[in-house]
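Residue numbers (the working numbering): 135 to 430.
What follows is a set of notes on a single structure, which appears directly below.
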(Lines of atoms letter the chains of each structure in order from A and count residues from 1; the text may use other names and numbers.)
(Lines give C-alpha, C1' and ligand atoms only; values in the text may rest on other atoms or scores of the structure.)
Protein backbone atom coordinates (compact mmCIF):
# COMPACT_ATOMS: atom_id res chain seq x y z
CA UNK A 1 0.00 0.00 0.00
CA UNK A 2 1.28 3.47 -0.94
CA UNK A 3 1.80 5.30 2.35
CA UNK A 4 1.71 8.70 0.67
CA UNK A 5 -1.66 7.91 -0.91
CA UNK A 6 -2.88 6.56 2.42
CA UNK A 7 -1.77 9.75 4.16
CA UNK A 8 -3.64 11.86 1.59
CA UNK A 9 -6.75 9.72 2.05
CA UNK A 10 -6.61 10.32 5.83
CA UNK A 11 -6.12 14.02 5.21
CA UNK A 12 -9.25 14.23 3.06
CA UNK A 13 -11.27 12.06 5.46
CA UNK A 14 -10.25 14.14 8.48
CA UNK A 15 -11.22 17.43 6.81
CA UNK A 16 -14.36 16.07 5.18
CA UNK A 17 -13.57 16.92 1.57
CA UNK A 18 -10.89 17.53 -1.06
CA UNK A 19 -11.38 21.29 -1.11
CA UNK A 20 -11.26 21.67 2.68
CA UNK A 21 -8.15 19.47 2.90
CA UNK A 22 -6.45 21.44 0.12
CA UNK A 23 -7.19 24.79 1.77
CA UNK A 24 -6.05 23.59 5.19
CA UNK A 25 -2.73 22.18 3.96
CA UNK A 26 -1.93 24.17 0.83
CA UNK A 27 -1.86 20.98 -1.22
CA UNK A 28 -3.38 21.01 -4.74
CA UNK A 29 -6.90 19.66 -4.78
CA UNK A 30 -6.21 17.77 -8.00
CA UNK A 31 -3.24 15.99 -6.43
CA UNK A 32 -5.28 14.86 -3.44
CA UNK A 33 -8.06 13.61 -5.70
CA UNK A 34 -5.61 11.71 -7.89
CA UNK A 35 -3.86 10.09 -4.92
CA UNK A 36 -7.14 8.95 -3.37
CA UNK A 37 -8.28 7.60 -6.73
CA UNK A 38 -5.04 5.62 -7.04
CA UNK A 39 -5.54 4.20 -3.55
CA UNK A 40 -9.09 3.15 -4.39
CA UNK A 41 -7.85 1.47 -7.57
CA UNK A 42 -5.08 -0.40 -5.76
CA UNK A 43 -7.51 -1.66 -3.12
CA UNK A 44 -10.33 -2.22 -5.62
CA UNK A 45 -12.63 -0.41 -3.17
CA UNK A 46 -14.63 2.79 -3.18
CA UNK A 47 -13.56 4.78 -0.11
CA UNK A 48 -15.78 7.85 -0.61
CA UNK A 49 -19.30 8.40 -1.85
CA UNK A 50 -18.99 11.52 -4.02
CA UNK A 51 -22.13 13.65 -4.08
CA UNK A 52 -22.71 16.99 -5.78
CA UNK A 53 -21.92 18.95 -2.63
CA UNK A 54 -20.85 16.40 -0.08
CA UNK A 55 -18.16 13.77 0.34
CA UNK A 56 -18.99 10.85 2.62
CA UNK A 57 -16.88 7.88 3.70
CA UNK A 58 -18.14 4.48 2.67
CA UNK A 59 -18.24 1.72 5.27
CA UNK A 60 -14.90 0.44 3.97
CA UNK A 61 -13.47 3.95 3.93
CA UNK A 62 -14.49 4.57 7.54
CA UNK A 63 -12.89 1.29 8.64
CA UNK A 64 -9.65 2.20 6.85
CA UNK A 65 -9.65 5.70 8.35
CA UNK A 66 -10.25 4.46 11.90
CA UNK A 67 -7.50 1.83 11.70
CA UNK A 68 -4.81 3.82 9.94
CA UNK A 69 -5.20 7.39 11.23
CA UNK A 70 -3.59 6.70 14.60
CA UNK A 71 -0.83 4.61 13.03
CA UNK A 72 0.10 7.35 10.58
CA UNK A 73 0.15 9.88 13.42
CA UNK A 74 2.53 7.63 15.36
CA UNK A 75 4.80 7.25 12.33
CA UNK A 76 4.89 11.02 11.89
CA UNK A 77 5.61 11.56 15.59
CA UNK A 78 8.38 8.95 15.58
CA UNK A 79 10.03 10.56 12.57
CA UNK A 80 9.80 13.98 14.18
CA UNK A 81 11.27 12.66 17.44
CA UNK A 82 14.20 11.05 15.64
CA UNK A 83 14.82 14.20 13.61
CA UNK A 84 14.82 16.34 16.75
CA UNK A 85 17.12 13.95 18.59
CA UNK A 86 14.74 12.70 21.26
CA UNK A 87 11.22 12.05 22.50
CA UNK A 88 10.27 15.68 23.07
CA UNK A 89 6.48 16.08 23.45
CA UNK A 90 5.09 17.78 20.37
CA UNK A 91 2.08 17.72 18.07
CA UNK A 92 -1.66 17.69 18.65
CA UNK A 93 -3.11 16.29 21.88
CA UNK A 94 -6.90 15.89 22.03
CA UNK A 95 -8.49 15.22 25.42
CA UNK A 96 -12.09 14.66 26.48
CA UNK A 97 -12.87 15.52 30.12
CA UNK A 98 -16.04 15.45 32.25
CA UNK A 99 -17.96 18.63 32.97
CA UNK A 100 -17.30 19.17 36.68
CA UNK A 101 -13.57 18.43 36.46
CA UNK A 102 -13.32 20.77 33.47
CA UNK A 103 -15.16 23.55 35.32
CA UNK A 104 -13.10 23.29 38.49
CA UNK A 105 -9.58 22.26 37.47
CA UNK A 106 -8.98 21.65 33.79
CA UNK A 107 -8.41 25.29 32.81
CA UNK A 108 -5.48 25.72 35.18
CA UNK A 109 -4.09 22.27 34.37
CA UNK A 110 -4.27 22.90 30.62
CA UNK A 111 -2.63 26.31 30.99
CA UNK A 112 0.21 24.89 33.08
CA UNK A 113 0.76 22.07 30.61
CA UNK A 114 0.78 24.47 27.65
CA UNK A 115 3.39 26.65 29.33
CA UNK A 116 5.61 23.66 30.09
CA UNK A 117 5.21 22.01 26.65
CA UNK A 118 4.77 24.81 24.09
CA UNK A 119 5.24 22.43 21.13
CA UNK A 120 2.09 20.47 22.07
CA UNK A 121 -1.19 21.78 20.65
CA UNK A 122 -3.58 20.86 23.44
CA UNK A 123 -7.31 20.64 22.69
CA UNK A 124 -9.78 19.83 25.49
CA UNK A 125 -13.48 19.16 24.96
CA UNK A 126 -15.97 18.83 27.80
CA UNK A 127 -18.58 16.08 27.82
CA UNK A 128 -19.87 13.44 30.22
CA UNK A 129 -21.02 10.98 27.56
CA UNK A 130 -18.89 7.94 26.61
CA UNK A 131 -16.77 8.71 23.55
CA UNK A 132 -15.24 6.44 20.93
CA UNK A 133 -11.59 7.44 21.22
CA UNK A 134 -10.51 6.00 17.89
CA UNK A 135 -13.44 7.18 15.76
CA UNK A 136 -13.55 10.64 17.35
CA UNK A 137 -9.79 11.12 17.34
CA UNK A 138 -9.03 11.49 21.05
CA UNK A 139 -5.59 10.70 22.47
CA UNK A 140 -6.77 10.62 26.09
CA UNK A 141 -10.09 10.67 27.94
CA UNK A 142 -10.76 11.47 31.58
CA UNK A 143 -13.78 9.69 33.03
CA UNK A 144 -15.46 9.15 36.41
CA UNK A 145 -15.73 5.51 37.50
CA UNK A 146 -15.55 4.20 33.91
CA UNK A 147 -16.94 0.80 32.96
CA UNK A 148 -14.29 -1.85 32.21
CA UNK A 149 -13.15 -1.68 28.58
CA UNK A 150 -10.64 -4.16 27.20
CA UNK A 151 -9.62 -1.70 24.46
CA UNK A 152 -8.52 0.94 27.00
CA UNK A 153 -5.89 1.12 29.70
CA UNK A 154 -5.09 3.86 32.18
CA UNK A 155 -4.82 4.88 35.76
CA UNK A 156 -6.90 6.46 38.51
CA UNK A 157 -5.23 9.78 39.32
CA UNK A 158 -7.78 11.36 41.67
CA UNK A 159 -10.33 10.16 44.22
CA UNK A 160 -13.28 11.93 45.80
CA UNK A 161 -16.35 11.04 47.84
CA UNK A 162 -19.97 12.12 48.03
CA UNK A 163 -21.30 13.84 51.15
CA UNK A 164 -24.60 15.34 52.23
CA UNK A 165 -24.28 19.03 53.11
CA UNK A 166 -26.68 21.81 54.01
CA UNK A 167 -26.83 25.33 55.37
CA UNK A 168 -26.33 25.53 59.15
CA UNK A 169 -29.80 27.13 59.37
CA UNK A 170 -31.55 24.17 57.71
CA UNK A 171 -33.08 21.83 60.33
CA UNK A 172 -32.29 18.14 59.94
CA UNK A 173 -35.11 15.75 59.15
CA UNK A 174 -36.48 13.81 62.11
CA UNK A 175 -39.53 11.89 63.20
CA UNK A 176 -40.26 10.60 59.73
CA UNK A 177 -40.39 14.08 58.26
CA UNK A 178 -38.41 14.87 55.10
CA UNK A 179 -35.90 17.68 54.72
CA UNK A 180 -35.98 19.87 51.59
CA UNK A 181 -33.35 18.80 49.09
CA UNK A 182 -31.68 19.81 45.84
CA UNK A 183 -31.44 16.91 43.41
CA UNK A 184 -30.01 16.39 39.95
CA UNK A 185 -33.31 15.11 38.62
CA UNK A 186 -36.96 15.71 39.39
CA UNK A 187 -38.72 13.03 41.39
CA UNK A 188 -40.60 11.96 44.46
CA UNK A 189 -39.37 11.74 48.02
CA UNK A 190 -35.94 10.14 48.31
CA UNK A 191 -33.97 8.33 51.01
CA UNK A 192 -30.23 8.95 51.27
CA UNK A 193 -28.07 6.45 53.16
CA UNK A 194 -25.19 8.07 55.03
CA UNK A 195 -22.32 7.21 57.35
CA UNK A 196 -21.52 9.38 60.37
CA UNK A 197 -19.37 9.04 63.45
CA UNK A 198 -22.42 7.60 65.17
CA UNK A 199 -22.91 4.90 62.53
CA UNK A 200 -25.13 4.44 59.49
CA UNK A 201 -28.46 6.21 59.12
CA UNK A 202 -30.95 7.39 56.51
CA UNK A 203 -32.10 10.89 55.59
CA UNK A 204 -35.52 11.47 54.06
CA UNK A 205 -35.41 14.13 51.36
CA UNK A 206 -38.21 15.98 49.58
CA UNK A 207 -36.69 17.48 46.40
CA UNK A 208 -37.62 21.14 46.00
CA UNK A 209 -35.22 21.85 43.13
CA UNK A 210 -33.91 19.76 40.24
CA UNK A 211 -30.65 21.09 38.77
CA UNK A 212 -28.54 19.21 36.24
CA UNK A 213 -25.13 20.72 37.06
CA UNK A 214 -23.31 20.17 40.36
CA UNK A 215 -22.06 23.75 40.44
CA UNK A 216 -25.69 24.93 40.38
CA UNK A 217 -26.60 22.41 43.09
CA UNK A 218 -23.81 23.73 45.32
CA UNK A 219 -24.88 27.34 44.79
CA UNK A 220 -28.49 26.47 45.67
CA UNK A 221 -27.37 24.73 48.86
CA UNK A 222 -25.29 27.77 49.78
CA UNK A 223 -28.46 29.85 49.44
CA UNK A 224 -30.14 27.62 52.05
CA UNK A 225 -32.88 26.11 49.90
CA UNK A 226 -32.13 22.51 50.89
CA UNK A 227 -29.62 19.71 51.47
CA UNK A 228 -27.73 17.99 48.64
CA UNK A 229 -25.31 15.21 47.78
CA UNK A 230 -22.07 16.71 46.48
CA UNK A 231 -18.39 15.76 46.07
CA UNK A 232 -16.55 16.85 49.18
CA UNK A 233 -13.90 18.59 47.04
CA UNK A 234 -16.60 20.95 45.76
CA UNK A 235 -17.69 22.04 49.25
CA UNK A 236 -14.44 21.67 51.22
CA UNK A 237 -13.99 25.45 51.56
CA UNK A 238 -17.61 25.90 52.67
CA UNK A 239 -17.23 23.20 55.34
CA UNK A 240 -13.97 24.72 56.56
CA UNK A 241 -15.57 28.18 56.77
CA UNK A 242 -18.71 26.87 58.46
CA UNK A 243 -21.03 28.22 55.76
CA UNK A 244 -22.15 24.64 55.14
CA UNK A 245 -22.35 21.71 57.56
CA UNK A 246 -21.83 18.00 56.98
CA UNK A 247 -24.78 15.67 57.50
CA UNK A 248 -22.79 12.55 56.63
CA UNK A 249 -20.88 10.65 53.97
CA UNK A 250 -22.91 8.86 51.30
CA UNK A 251 -22.74 5.13 51.98
CA UNK A 252 -21.41 3.85 48.68
CA UNK A 253 -18.36 3.51 46.43
CA UNK A 254 -15.86 6.34 46.15
CA UNK A 255 -15.53 8.56 43.09
CA UNK A 256 -12.44 7.81 41.01
CA UNK A 257 -11.23 9.87 38.05
CA UNK A 258 -9.35 7.82 35.45
CA UNK A 259 -7.13 8.89 32.57
CA UNK A 260 -7.62 6.37 29.75
CA UNK A 261 -5.98 5.75 26.38
CA UNK A 262 -6.17 2.99 23.73
CA UNK A 263 -4.25 -0.10 24.82
CA UNK A 264 -3.30 -1.09 21.29
CA UNK A 265 -1.25 2.06 20.77
CA UNK A 266 2.21 2.88 21.99
CA UNK A 267 2.10 5.59 24.61
CA UNK A 268 3.13 8.76 22.77
CA UNK A 269 5.48 11.31 24.33
CA UNK A 270 2.72 13.92 24.59
CA UNK A 271 0.26 11.54 26.30
CA UNK A 272 2.97 10.35 28.67
CA UNK A 273 3.85 13.99 29.46
CA UNK A 274 0.23 14.81 30.26
CA UNK A 275 -0.15 11.77 32.51
CA UNK A 276 2.98 12.82 34.40
CA UNK A 277 1.62 16.37 34.64
CA UNK A 278 -1.60 15.05 36.23
CA UNK A 279 0.50 13.08 38.70
CA UNK A 280 2.40 16.22 39.65
CA UNK A 281 -0.85 18.18 40.02
CA UNK A 282 -2.42 15.50 42.24
CA UNK A 283 0.53 13.63 43.84
CA UNK A 284 -1.65 11.84 46.39
CA UNK A 285 -4.92 11.93 44.45
CA UNK A 286 -6.93 13.23 47.41
CA UNK A 287 -10.08 15.40 47.48
CA UNK A 288 -8.11 18.14 49.26
CA UNK A 289 -5.76 18.44 46.26
CA UNK A 290 -8.72 18.91 43.93
CA UNK A 291 -10.33 21.38 46.36
CA UNK A 292 -7.19 23.52 46.05
CA UNK A 293 -8.15 24.20 42.42
CA UNK A 294 -11.69 25.26 43.32
CA UNK A 295 -12.37 28.87 44.21
CA UNK A 296 -14.39 29.79 47.25
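Backbone N, C-alpha and C fix where the C-beta goes; we use that ideal spot for every residue, glycine too.
Item	Value
What did DSSP end up calling residue 421 once you bin it into helix, strand or coil?	helix
Can you list, in chain order, the residues of its chain whose CB lies under 7 Å from that of residue 358, leaving out five sequence neighbours each side?	301, 303, 304
Taking DSSP as the reference, what is the three-state secondary structure of residue 383?	strand
Please state the DSSP three-state secondary structure of residue 291.	strand
Assuming residue 432 and residue 424 are in contact, meaning their beta carbons sit under 8 Å apart, how far apart are those beta carbons, in whole angstroms?	Within the shown structure, residues of the chain are numbered from 135 to 430, placing residue 432 beyond reach of any answer.
Run through the DSSP bridge pairs and tell me what residue 327 is partnered with.	336
Give me the DSSP bridge partner(s) of residue 233.	In the DSSP output, where bridge partners are listed per residue, residue 233 has none listed.
How big is the Cα-Cα spacing for residue 262 and residue 235?	10 Å
Look at residue 362 and residue 321 and say whether their C-beta atoms are less than 8 Å apart.	no
Check this for me: beta carbons of residue 96 and residue 395, under 8 Å apart or not?	Residue numbering for the chain in the displayed model covers 135 to 430; residue 96 lies beyond these limits and cannot be assessed.
Verify the CB distance criterion: does residue 258 have a CB-CB separation below 8 Å to chain C?	The chain inventory of the structure shown lacks chain C, comprising one protein chain alone.
By Cβ distance below 7 Å, which residues in the same chain neighbour residue 351 in space, the five residues on each side in sequence not counted?	316, 318, 345, 362, 364
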